[in-house]
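Before any comments, here is the structure.
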Amino acid sequence: MSGYEWFSYPDSLEAISQQTDLFAFACAVYEIITGRVPHHDLKDFEDRCKRVAQRHAQGQYLDVTGLPLSEMMQACWSGKIGSADEVIELLQRVDHKG
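With positions in the sequence shown counted from 1, the corresponding number in our numbering is that position plus 242.
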């Protein structure tokens with residue numbers, strides 16, 4: 243995800259961690275499902291990094307309402323999931339809900 247640093251993990255200047263990997267994973271899933279990079283609406287702004295950081299600081303992440311895997315993406319972005327095992331558990335629960 244290094245090519246898209248302007249929409250990466252809110253504290254991306256810190257060391258890479260499981261949390262940053264999960265955040266990036268959710269961004270990749272978003273891009274695969276929608277065909278658009280996260281925060282595509284900001285791509286033409288010079289200060290897009292600042293704008294994305296402000297959104298993240300306010301707890302505002304992408305609107306994924308109605309998208310497949312939306313619960314997983316939101317959980318990864320908000321930090322509610324801390325490991326790949328938790329992602330799998332969440333996906334299994336969602337799958338069983340039907």
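Glycine included, C-beta positions come from ideal geometry on N, C-alpha and C.
Query: Span separating the alpha-carbon of Glu273 from that of Asp327; Result: 22 Å
Query: Delimiting residues of the alpha helix (DSSP H) encompassing Lys292; Result: Arg290 to Ala299
Query: N- and C-terminal bounds of the alpha helix (DSSP H) containing Ser325; Result: Here Ser325 belongs to no alpha helix (DSSP H), and DSSP marks it neither H nor E.
Query: Beta-carbon spacing of Gln261, Gly324 below 8 Å; Result: yes
Query: 6 Å CB neighbourhood of Ala268 in its chain, flanking five on each side removed; Result: Met315, Cys318 and Trp319
Query: Alpha-carbon spacing of Asp337 relative to Glu331, whole angstroms; Result: 10 Å
Query: Val271 beta carbon less than 8 Å from that of Leu311; Result: yes
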